[in-house]
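In what follows, a single structure is set out as structure tokens and then discussed.
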Amino acid sequence: LPDGTFVVASTEEEALRLAQEKDASLTASDLRQESDCLDTWFSSWLWPITVFAPALSKGNEELEYYYPTSDLVTGPDILFFWVARMIMAGYEFQGKKPFENVYLTGIVRDNQGRKMSKTLGNSPDPLDLIDKYGADGVRMGLIMSAPAGNDILFDESLCEQGRNFCNKIWNAFRLVKGWTAEVSEEKQPEASRLASYWMRQVLNKAAGELNDLFAKYRISEALTLVYKLIRDDFSSSYLELIKPAYGTPIDATTCQEALDFFDEILRILHPFMPFITEELWQNLAQRSEGESIMNAQQRPAEPADEAFLQRFASAQEIITTVRSLRTSKNLSPREALVLEAAPSFPTELDEVLVKMAGLSTIDRSGVRSEGAVSFVIGTDEFAVPMAAYIDVEEELKKLRADLEYQQKFLAGVAKKLSNESFVSKAPEAVIALERKKQSDAESRIATLEQSIRQLEAQAK
Numbered sequence: 033l034p035d036g037t038f039v040v041a042s043t044e045e046e047a048l049r050l051a052q053e054k055d056a057s058l059t060a061s062d063l064r065q066e067s068d069c070l071d072t073w074f075s076s077w078l079w080p081i082t083v084f085a086p087a088l089s090k091g092n093e094e095l096e097y098y099y100p101t102s103d104l105v106t107g108p109d110i111l112f113f114w115v116a117r118m119i120m121a122g123y124e125f126q127g128k129k130p131f132e133n134v135y136l137t138g139i140v141r142d143n144q145g146r147k148m149s150k151t152l153g154n155s156p157d158p159l160d161l162i163d164k165y166g167a168d169g170v171r172m173g174l175i176m177s178a179p180a181g182n183d184i185l186f187d188e189s190l191c192e193q194g195r196n197f198c199n200k201i202w203n204a205f206r207l208v209k210g211w212t213a214e215v216s217e218e219k220q221p222e223a224s225r226l227a228s229y230w231m232r233q234v235l236n237k238a239a240g241e242l243n244d245l246f247a248k249y250r251i252s253e254a255l256t257l258v259y260k261l262i263r264d265d266f267s268s269s270y271l272e273l274i275k276p277a278y279g280t281p282i283d284a285t286t287c288q289e290a291l292d293f294f295d296e297i298l299r300i301l302h303p304f305m306p307f308i309t310e311e312l313w314q315n316l317a318q319r320s321e322g323e324s325i326m327n328a329q330q331r332p333a334e335p336a337d338e339a340f341l342q343r344f345a346s347a348q349e350i351i352t353t354v355r356s357l358r359t360s361k362n363l364s365p366r367e368a369l370v371l372e373a374a375p376s377f378p379t380e381l382d383e384v385l386v387k388m389a390g391l392s393t394i395d396r397s398g399v400r401s402e403g404a405v406s407f408v409i410g411t412d413e414f415a416v417p418m419a420a421y422i423d424v425e426e427e428l429k430k431l432r433a434d435l436e437y438q439q440k441f442l443a444g445v446a447k448k449l450s451n452e453s454f455v456s457k458a459p460e461a462v463i464a465l466e467r468k469k470q471s472d473a474e475s476r477i478a479t480l481e482q483s484i485r486q487l488e489a490q491a492k
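Numbering (the numbering used here), first residue to last: 33 to 492.
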């Protein structure tokens, strides 16, 4: 205005109306639009540069080292307002782009699909969520619910899942750390040696998979992999397998291996859940002053023994099946069972099977006991003598249903392999896989038919 005061408006007409409220004699020609102004986001344009003050001076070592950086993580809603402007400013003032990659996260929405905002008042207070579930619990819940940058329909139960996972990690820490109070100098049991070798291979495989997922920015999938690694492989399988009998100290070798594995797992988990991993890592062993897990080196990825992992997975299936049989007959875990296997079945994992399945022995005589419940893992047949507990008719019903399924599956594979168009066009690897499916199904059908004949003879 002529007197040096200002009015703020989005149109000339609105500006004149506001000006005339101050001085009714003013006309449009008396108004001058301010030319000395900046874009609202202007200071943000320069952010990749100005964090290294003095930003535009020559010889700024930090700026020269960190600019350009590798990745920018942001939301798609400010791609034009901020990301594009930073790139323009980067080329203008530094002659190069400020970052190599831009990772766009999903937008957190409420259960009606609306973007959370202060205006709508539909956003929970993050500090309240953190007080209730912990910062790591909230982080985990949100990351796991946002695969590949998709939007998140916020559900507080996701944070609860994160908190429960934190509790599981704490429990694993207490168990492993508690073993250090009393350690035995006894020789490492064979089951523990096998468990440690298996855990090493699991971690080797996971490291390679995580590197691949991070390279592809599959952050949610990477966390899911680590979640299953800790929940299923480390806690449910490895710790259970090496756990000594009640009141018995663990051997020194296994104890140290468990501590090392847990240390490695905390390092893997740290990018996702930094607070609990730092706390537990500091308490897992003596650390130097200022030492932090965020500076700890990750173990380099090494090739995994895939053949052993496959054999161990088969052993786990046997254990699960025997446990299910025990549960279905309401048998006590202390009641030892016999596992009947083929004479050619490898003995490598016997100690693991005996301990985890609650077996008294593994019988490789090749003779099936009367009343034994048969089951097939892969192409191998096994049986558990349960004459005193078995319902023959119910068992026959299950076996016949499985046989019917396998026969239909085999028919589908055979139909595909008899299709000349499929065989001529499909890659050799695909055809080989289908033929293996056919062979496995035929072996399983033969085993099921034999088991059915044995039970039918028993029922007569």
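The C-beta atom is built at its ideal place from N, Cα and C for all residues, glycine as well.
For residue i, write down the residues that DSSP places opposite it in a beta bridge.
i      : result
ASN133 : ASP103
PRO417 : ALA404
VAL140 : ILE184
ILE409 : ASP412
What are the start and end residues of the alpha helix (DSSP H) that includes residue i?
i      : result
PRO158 : 158-165
TYR98  : 93-98
ASP265 : Run containing ASP265: none; DSSP gives neither H nor E here.
SER356 : 338-360
LYS457 : 452-457
THR82  : 79-82
Helix or strand or just coil, what does DSSP make of residue i?
i      : result
LYS219 : coil
PHE186 : coil
LYS147 : strand
ASP283 : strand
LEU536 : With the chain represented from 33 up to 492, any question about residue 536 goes unanswered, as that position is not in the structure.
PRO108 : helix
SER493 : With the chain covering only 33 through 492, there is no way to say anything about residue 493.
GLN126 : coil
TYR259 : helix
TYR278 : coil
GLU46  : helix
MET118 : helix
TYR437 : helix
VAL39  : coil
GLY194 : helix
GLN65  : coil
GLN329 : coil
LEU152 : coil
GLY398 : coil
ALA247 : helix
Use the C-beta contact count for residue i: other C-beta atoms within 10 angstroms, 16 or more gives buried, fewer gives exposed.
i      : result
ALA464 : exposed
PHE194 : This sequence places Gly at residue 194; Phe is not what is there. So GLY194 ends up on the buried side.
PHE266 : buried
MET118 : buried
ARG319 : exposed
GLY173 : buried
VAL115 : buried
PHE304 : buried
ALA178 : buried
GLN233 : buried
ARG358 : buried
LEU431 : buried
VAL40  : exposed
GLU372 : buried
PHE113 : exposed
PHE38  : exposed
GLU427 : buried
ASN236 : buried
MET326 : exposed
LEU70  : exposed
GLU413 : buried
Hey, quick one: how far does the beta strand (DSSP E) through residue i stretch, first residue to last?
i      : result
THR393 : 391-395
LEU371 : 369-372
Is there at least one non-hydrogen atom of the ligand FMN closer than 6 Å to the beta-carbon of residue i?
i      : result
ALA116 : Within the structure as shown, the ligand FMN is missing, as the structure has no ligands at all.
May I ask you to verify whether the region 446-461 touches the region 419-437, counting CB pairs closer than 8 Å and requiring at least 3? Verdict: no, contact absent.
Looking at C-beta atoms only, is the number of pairs between the region 293-307 and the region 153-165 that lie closer than 8 Å three or more? Result no; under three Cβ-Cβ pairs closer than 8 Å.
Please confirm if the region 112-132 is in contact with the region 76-96, defined as three or more CB-CB distances below 8 Å between the two stretches. Below 8 Å, enough C-beta pairs join the region 112-132 and the region 76-96 to call them touching: three or more.
Any 3 or more C-beta pairs closer than 8 Å across the region 160-173 and the region 142-151: no
With three or more beta-carbon pairs closer than 8 Å as the criterion, would you say the region 440-456 touches the region 374-391? no
At least three beta-carbon pairs within less than 8 Å, the region 97-115 to the region 128-140: yes
Count Cβ pairs between the region 222-235 and the region 371-385 that sit closer than 8 Å; are there 3 or more? yes
Check whether the region 193-208 and the region 298-314 are in contact - that is, three or more C-beta pairs closer than 8 Å. yes
Sufficient close CB pairs (3 or more, under 8 Å) joining the region 260-274 to the region 314-330: These segments do not touch.
Spell out a yes or no on whether the region 468-484 and the region 436-453 are touching, meaning 3 or more CB-CB pairs, one atom from each, closer than 8 Å. yes
Are the region 240-255 and the region 308-317 touching by the rule of at least three beta carbon pairs closer than 8 Å? no
With three or more beta-carbon pairs closer than 8 Å as the criterion, would you say the region 476-485 touches the region 404-411? yes
Across the region 360-367 and the region 334-348, are there enough close Cβ pairs to call them in contact, namely three or more that are closer than 8 Å? Output reads no: the region 334-348 does not touch the region 360-367.
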